[in-house]
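In this note's numbering, the protein residues as written are 1 to 223.
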């Protein structure tokens, strides 16, 4: 099976490029490609995006992306199995409302291809915090008290929590450097922590959903 995966930033791509081969058996002929965007934004209410495509805002482009991938996948040979997975952060949204919004977008697009959504709660950094041991291996001087106080997939300012544990001066100091520096540091975290992660024992429920969805799809195709 071929997995096309969309994420809202470069750090997410860096992480998934490392983690996906740990999740699915690449020797079984499965392939994947991860595309990063430059933020999440919001799904257009009328599903007609008027944003500049060059700005690459994931949710603002989502209706057109779904339609485009559906057209591409539908034109493939019958024996070519492909799936689109969109990974996005919950951030400060209501989970039920956001999930319904995504489902509505899918239904109104009248697609025939396999397209799924995986929501990181609260943010992608929650998936790193689902494996505290991996963080401690990557950052031996991480503050255990902060890491051990974290409740998986809680709404707590997730990236700030991780920054407070592993970045000199914490989230407050990192935030002073501006959004670009925060994004660069998140990419460093992805490159350092993801290789250490054990995907089978990760305690983040939202990561578990993503992992199990990929495995279910890949195993179903292998039958």
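In this text, a Cβ means the ideal position worked out from N, Cα and C, and glycines have one as well.
When secondary structure is reduced to three states using DSSP, residue 35 falls in the strand class.
Its chain contains 36, 187 as the residues whose beta carbon lies nearer than 6 Å to that of residue 10, once the 5 sequence neighbours on both sides are disregarded; these appear in chain order. For residue 146, the uninterrupted alpha helix (DSSP H) segment begins and ends at 144-148. The Cβ atoms of residue 165 and residue 174 do not sit closer than 8 Å to each other. Residue 27 and residue 17 have their C-alpha atoms spaced approximately 16 Å apart. Annotation for residue 17: the continuous alpha helix (DSSP H) segment containing it runs 10-23.
Under the DSSP definition of a beta bridge, residue 83 partners with 3, 114. Straight-line measurement puts the Cα of residue 129 at about 35 Å from the Cα of residue 111. By the Cβ-count criterion, residue 202 is buried, with 16 or more other Cβ atoms from all chains shown falling within 10 Å of its own Cβ. Fewer than three Cβ pairs drawn from the segment 68-84 and the segment 43-59 lie within less than 8 Å of each other, which leaves the two stretches out of contact. Of the residues assessed, residue 31 falls on the exposed side of the cut-off, its CB having fewer than 16 other CB atoms within 10 angstroms.
Burial state of residue 180 is exposed, judged by a 10 Å Cβ sphere holding fewer than 16 other Cβ atoms.
Here residue 89 is actually not in contact with residue 39; their C-beta atoms are around 10 Å apart, not less than 8 Å. The residues 122, in chain order, have a CB closer than 6 Å to that of residue 155 in the same chain once the five nearest residues on each side in sequence are set aside. Measuring C-alpha to C-alpha distances from residue 200 to each of 192, 189, 212, 193 identifies 212 as the nearest.
If you draw a straight line from the Cα of residue 12 to the Cα of residue 141, it is about 24 Å long.
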